[in-house]
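Protein chains in written order, with my numbering: chain A, 1 to 138; chain B, 139 to 564.
Even for Gly, the Cβ is constructed at its ideal location relative to N, Cα and C.
Below is one structure, written out as structure tokens, with a few remarks after it.
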Amino acid sequence: MAVTMGALCVLTMVNVLVRYFTDLSFAFTEEISVVLMVVMTLIGASHAFGNNHHIAIVFFVERRPALRVAARRLATGCSLLMFGLLAWYGVRMAWDDYLYDVTTPSLGFPQWWYTIWLPLISVLIVLRLSVVLYKGEK
Amino acid sequence: MDWLLFGIFVVLMLSGVPLAVAMGLAGTAVVAASGLGMMSLPTNVYTGIAKYPLMAIPVFVIAGLIFERAGVAATIVRFASAVVGQRRGSLAIVAIMVAMILGGISGSGPADSAAVGAVMLPSMLKAGYPRQFTAAVIAAAGSTDILIPPSIAFVIYSLLVPQASVPALFAAGMIPGILSGLTLILVAWWLSVRHGFESEPAEVRPPFWQSLKDAGWGLAAPVIILGGMRSGFFTPTEAAVVAVFYGFLVGKVIYRSLSWRDIYEVLVESAEIASVILTVVALASVFAWASSTLGTFDHLANAMLGTGLPEIVMLISIQLLLLIAGMFLDAISIYFIFLPLLIPIAIHYNWDLVWFGVVITMNMALGQFHPPLGVNLMVTCRMAGVSMESTIPWVLWMVVAMAGTMFLVTFVPELALWLPRTLGYL
């Protein structure tokens with residue numbers, strides 16, 4: 001997982017660099033780098049769910065030990081719901097793109113090559129969150 | 139419907155659900171309840187982050203980290219102490235100066251505080267500064283980072299307020315950022331003199347020219363970033379990429395301090411920091427879409443304008459509101475929640491949107507080191523091993539100083555607008 005993130009970052013940078021140094025209008029690399037960024041964000045988000053790194057206001061619940069465990073569960077459960085919904089409707093979005101042969105504006109690739117990543121990684125996040133929920137607090 | 143949106147968000151947020159998820163679910167609930175079509179959910183999340191300008195965020199995070207790992211921070215510390223010399227509070231002053239210079243490379247406050255803390259904390263403690271004071275100074279200094287360009291906060295602001303371009307915002311943040319830094323230096327110096335910190339010289343003053351030569355590579359980075367953008371060579375994203383490769387070369391070829399392992403770690407770490415930010419952006423766009431489709435913010439803005447408050451009272455109440463919000467929320471979430479409400483008000487009063495962006499970003503900077511939930515202060519307190527409450531006697535002085543600077547910029551808009559106008563961005 002970490003390797004993909006590193007690779008994605010480098011690719012993103014290379015894309016921009018190529019565009020700059022060759023001095024040609026490589027506008028289409030933008031399209032790829034943007035998709036890479038989406039993928040990186042989602043993978044990183046999954047990672048951050050595992051490490052509990054997402055920004056949350058735990059100020060109020062951390063003060064009351066009784067609430068703490070319940071709050072953690074609620075947080076994980078809500079995140080699970082959110083990404084579950086994203087996975088479900090994301091599949092339908094990608095399916096629509098596939099069905100209607102939507103192509104991307106600058107490269108002309110099938111749009112679903114790009115949009116499929118959202119539900120795919122959302123499923124990954126759902127799995128990860130289920131593990132967190134199952135194992136309970138670290 | 140409006141209440142449902144905010145109600146769910148506030149309840150989830152206060153119960154410790156990640157902010158991104160709280161915003162996303164509140165938006166989703168409203169979309170579902172009002173039958174706006176659930177397919178807008180994945181579409182908004184996807185298009186919310188699939189934006190080219192956002193690419194500047196991960197890349198600026200990498201830039202900051204790579205310069206830290208390359209050992210650039212240490213040479214800048216030596217240079218700053220050569221400039222400051224030995225006097226009361228010199229190390230505190232050095233810490234603030236270093237934070238300001240690093241702020242010209244990276245664009246996020248907590249990352250900058252951590253970098254400065256790692257370098258300055260041990261020597262400040264050795265010189266006899268109290269831990270609480272040290273944590274407070276470094277946290278406050280790190281907050282100038284979101285004002286001094288490049289700044290992630292400004293990139294997001296410009297995304298939400300297209301009338302204010304990124305270069306104009308960067309230029310506008312320059313003088314207020316430096317001014318805040320100088321005010322903080324003054325406060326840190328005054329506190330040090332009053333409490334007699336560092337009464338004996340801690341270290342020998344490094345020779346000026348030698349340290350300038352060593353630090354030159356690091357000092358050139360902000361010049362390259364800002365100069366490149368000014369001359370129209372790069373867009374902000376490209377400037378960030380160039381900074382990353384420059385930092386890579388400096389670390390690999392000149393200092394020879396970066397191993398491949400370091401680079402790998404930098405990439406992983408920055409990917410995670412950036413994706414935490416971008417997750418908020420992605421899910422907040424569901425919230426933003428739901429609220430703008432419902433016209434929630436138009437209702438609220440009209441209600442606020444309908445009170446007929448004088449302009450100046452309105453401005454000050456907005457600042458107070460943001461100050462309170464800033465104690466609990468991070469800058470990016472605040473932009474997504476409040477800007478749709480505030481921009482119509484700003485347009486109604488004909489406020490300059492670049493200046494407005496600078497003022498509210500100063501407000502965010504203040505929130506970054508204001509107890510009980512300043513992110514920078516959290517970072518430095520953890521590093522110094524003190525509780526946040528214990529820093530209050532020190533940090534409050536800095537909050538007051540920063541608030542003073544903020545009100546100065548509020549009432550003298552030229553402080554922010556002069557530079558971008560001179561450079562021709564307005």
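Residue i and residue j closer than 8 angstroms at C-beta
i       : j       : result
E410(B) : H53(A)  : yes
V61(A)  : S153(B) : yes
T499(B) : L179(B) : no
P314(B) : I239(B) : no
A428(B) : L163(B) : no
H437(B) : D140(B) : yes
A541(B) : L504(B) : yes
L118(A) : Y393(B) : no
Q506(B) : G319(B) : no
D101(A) : T115(A) : no
A273(B) : L396(B) : no
A277(B) : G512(B) : yes
M177(B) : R92(A)  : yes
N514(B) : S261(B) : no
L364(B) : P287(B) : yes
V381(B) : M367(B) : For clarity, residue 381(B) is Ala in the given sequence; the question names Val instead. Against a cut-off of 8 angstroms, the Cβ pair of M367(B) and A381(B) comes out as no contact.
V331(B) : R226(B) : yes
A279(B) : A211(B) : no
P196(B) : M37(A)  : yes
V419(B) : G186(B) : yes
F476(B) : F425(B) : no
V126(A) : L74(A)  : no
L432(B) : V168(B) : yes
P510(B) : M536(B) : no
L42(A)  : G77(A)  : no
Among the options, nearest to residue i - alpha-carbon criterion
i       : options                            : result
A194(B) : D490(B), S296(B), P314(B)          : S296(B)
S464(B) : L453(B), M502(B), S303(B)          : Just to set this straight, residue 464(B) is Gly in the shown sequence, not Ser. Closest option to G464(B), Cα to Cα, is M502(B).
F198(B) : Y384(B), S318(B), A326(B), R226(B) : Y384(B)
G202(B) : P156(B), S289(B), A279(B), M177(B) : S289(B)
P478(B) : R332(B), A422(B), V524(B), H333(B) : A422(B)
L192(B) : S33(A), W113(A), G50(A), V131(A)   : S33(A)
V39(A)  : A188(B), V169(B), L174(B), F217(B) : A188(B)
G175(B) : G50(A), Y89(A), G84(A), M37(A)     : Y89(A)
A56(A)  : F205(B), Y190(B), R216(B), V159(B) : V159(B)
E206(B) : I146(B), F435(B), L263(B), E403(B) : E403(B)
T213(B) : A306(B), I200(B), W355(B), L307(B) : W355(B)
A95(B)  : A70(A), A48(A), R68(A), G77(A)     : There is simply no residue 95(B) to check, as chain B begins at 139 and stops at 564 in what is shown.
L553(B) : I362(B), G241(B), L317(B), M258(B) : L317(B)
N440(B) : P482(B), F549(B), L461(B)          : P482(B)
E31(A)  : L81(A), V131(A), S130(A), T104(A)  : T104(A)
A171(B) : I146(B), L564(B), Y190(B), L150(B) : I146(B)
F308(B) : S281(B), V299(B), V293(B)          : V293(B)
A94(A)  : P110(A), A66(A), R73(A)            : P110(A)
A253(B) : G444(B), P510(B), M521(B)          : M521(B)
S228(B) : W327(B), W532(B), L546(B)          : W327(B)
V131(A) : N51(A), G44(A), T41(A)             : N51(A)
F83(A)  : M235(B), T166(B), I234(B), K264(B) : T166(B)
A87(A)  : I231(B), T181(B), L259(B)          : T181(B)
W556(B) : M312(B), W532(B), L263(B), G255(B) : M312(B)
Proximity test, residue i beta-carbon vs the ligand GDP heavy atom, cut-off 7 angstroms
i       : result
V533(B) : Looking at this structure, you won't find the ligand GDP or any other ligand, since it has none at all.
Chain A contacts made by the segment 172-203 of chain B, where a contact means CB separation under 8 angstroms: M176, M177, L179, P180, T181, V183, Y184, I187, A188, K189, Y190, L192, M193, P196, V197, I200
Contact set between the segment 408-421 of chain B and chain A, restricted to residues whose Cβ is under 9 angstroms from the partner: S408, A409, E410, I411, A412, S413, V414, I415, L416, T417, V418, V419, A420, L421
Selection of the segment 450-478 of chain B by Cβ proximity to chain A, strictly under 8 angstroms: F466, L467, D468, S471
The segment 209-223 of chain B contacting the segment 262-276 of chain B, beta-carbon criterion three pairs below 8 angstroms: no
Where the segment 99-110 of chain A meets chain B: residues whose CB sits under 8 angstroms from a CB there: Look at the segment 99-110 of chain A: it has no residue with a C-beta under 8 angstroms from a C-beta of chain B.
The segment 490-498 of chain B contacting the segment 317-327 of chain B, beta-carbon criterion three pairs below 8 angstroms: no
Completely contained alpha helix (DSSP H) runs for the segment 192-260 of chain B, where each covers 4 or more residues: Entirely contained in the segment 192-260 of chain B, the alpha helix (DSSP H) runs reaching 4 residues are, in chain order, 194-207, 210-222, 228-241.
At least 3 beta-carbon pairs within less than 8 angstroms: the segment 453-461 of chain B vs the segment 108-127 of chain A: no
In chain order, each alpha helix (DSSP H) run of at least 4 residues that lies wholly inside the segment 147-196 of chain B: Within the segment 147-196 of chain B, the runs of alpha helix (DSSP H) that reach at least 4 residues and sit entirely inside it are, in chain order, 157-171, 178-187.
Residues of the segment 139-156 of chain B with Cβ closer than 7 angstroms to any Cβ of chain A, in chain order: Within the segment 139-156 of chain B, the qualifying residues are L150, M151, L152, S153, G154, V155, P156.
Members of the segment 29-44 of chain A near chain B, C-beta cut-off 8 angstroms: E30, S33, V34, V35, M37, V38, M40, T41, L42, I43, G44
Within 7 angstroms of chain B by C-beta, residues of the segment 56-75 of chain A in sequence order: A56, I57, V58, F59, F60, V61, A71, L74, A75
4-residue-minimum alpha helix (DSSP H) runs that sit fully inside the segment 260-311 of chain B, ordered along the chain: As far as the segment 260-311 of chain B is concerned, its whole alpha helix (DSSP H) runs of at least 4 residues are 269-281, 290-298.
Three CB pairs or more closer than 8 angstroms across the segment 484-493 of chain B and the segment 290-310 of chain B: Put simply, the segment 484-493 of chain B touches the segment 290-310 of chain B. At least three CB pairs are less than 8 angstroms apart.
Secondary structure, alpha helix (DSSP H): runs of 4+ residues fully inside the segment 416-467 of chain B: Runs of the alpha helix (DSSP H) inside the segment 416-467 of chain B: 434-444, 449-466.
Near-chain A residues of the segment 158-171 of chain B - C-beta to any C-beta below 7 angstroms: Correct list: A158, V159, G162, L163, T166.
Ordered list of alpha helix (DSSP H) runs contained in the segment 348-417 of chain B, each at least 4 residues: Segments of the alpha helix (DSSP H) lying fully in the segment 348-417 of chain B: 374-387.
Interfacial residues, the segment 119-137 of chain A to chain B, with Cβ spacing under 9 angstroms: Listed by position along the chain: P119, S122.
Cβ-based contacts, 8 angstroms cut-off: residues of the segment 77-93 of chain A near chain B: Considering only beta carbons, the part of the segment 77-93 of chain A lying closer than 8 angstroms to chain B consists of C78, S79, L81, M82, L85, L86, Y89, G90, R92, M93, in chain order.
Contiguous alpha helix (DSSP H) assignments of at least 4 residues, all confined to the segment 52-106 of chain A: 59-62, 65-99
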